[in-house]
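Enquirer: Residue numbers (our numbering): 184 to 329.
Here you go, one structure.
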Ligand code: RB5
């Protein structure tokens, strides 16, 4: 599985930790930046990761900013992206099971490292349930195309 990861400066430290965690678990990771704690604009990184997922180059994305809010709002502007801002393992599991989220977002200033690992594990190890949830996702696509 190929995973694209990115953050702004507010998510940088958490990105570095989660990147190493995923590499150790054997995932193929590409880091789309940023590469330091120097102040940058989160939409730039949201766009890079979201487009790389949306065009099929990567299976899933992981994005962080200070709160996870701005970067998730920006990622969701890219067609085909369902970016979910999650704060615990349960919301991360449901983001995959019910929403088939293709990007998970977290806040580097709001989410601790152990919680972030739990979020990632739940997200990556859960499966989309389909059925009525697929019908609902297709309605999101209809909104996108209307
Ligand atoms: C940057 O200071 C901060 O606004 C950003 O990381 C994020 O929290 C925005 O939603």
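For each residue, glycine too, the CB sits at the ideal point set by N, CA and C.
1. Considering only the beta carbon of each residue, do residue 287 and residue 306 sit closer than 8 Å?
2. Report back the beta-carbon spacing between residue 258 and residue 229 to the nearest angstrom; my notes put them in contact at under 8 Å.
3. Helix or strand or just coil, what does DSSP make of residue 213?
4. Could you give the first and the last residue of the continuous alpha helix (DSSP H) run that contains residue 291?
5. Would residue 243 and residue 285 be called neighbours here (beta carbons separated by less than 8 Å)?
6. Checking 8 Å against the spacing of the C-beta atoms, do residue 249 and residue 313 come in under that value?
7. Please tell me whether residue 264 and residue 237 are closer than 8 Å, where the distance is taken between their beta carbons.
8. Relative to the ligand RB5, what is the chain-ordered list of residues with a Cβ closer than 6 Å to any of its non-hydrogen atoms?
Expert: Reading from the atomic positions:
1. Working through the chain shown from its first residue, we reach residue 287 at position 104. Working through the chain shown from its first residue, we reach residue 306 at position 123. Yes. Within cutoff.
2. Residue 258 sits at position 75 when you count from the first residue of the chain shown. Residue 229 sits at position 46 when you count from the first residue of the chain shown. That belief holds up - the Cβ atoms of residue 258 and residue 229 are roughly 4 Å apart, short of 8 Å.
3. By one-based count along the chain shown, residue 213 stands at place 30. Note: residue 213 maps to strand in three-state DSSP.
4. Position 108 of the chain shown holds residue 291. Element bounds for residue 291: n/a, residue is neither H nor E.
5. Residue 243 sits at position 60 when you count from the first residue of the chain shown. Residue 285 sits at position 102 when you count from the first residue of the chain shown. Cβ atoms of residue 243 and residue 285: closer than 8 Å.
6. For the purposes of this step, residue 249 is taken as residue 66 along the chain shown, with counting starting at 1. For the purposes of this step, residue 313 is taken as residue 130 along the chain shown, with counting starting at 1. Their beta carbons are not under 8 Å apart, which means residue 249 does not touch residue 313 by this criterion.
7. Walking along the chain shown from the start, residue 264 turns up at place 81. Walking along the chain shown from the start, residue 237 turns up at place 54. Their beta carbons are under 8 Å apart, which means residue 264 touches residue 237 by this criterion.
8. 191, 193, 225, 248, 249, 250, 252, 253
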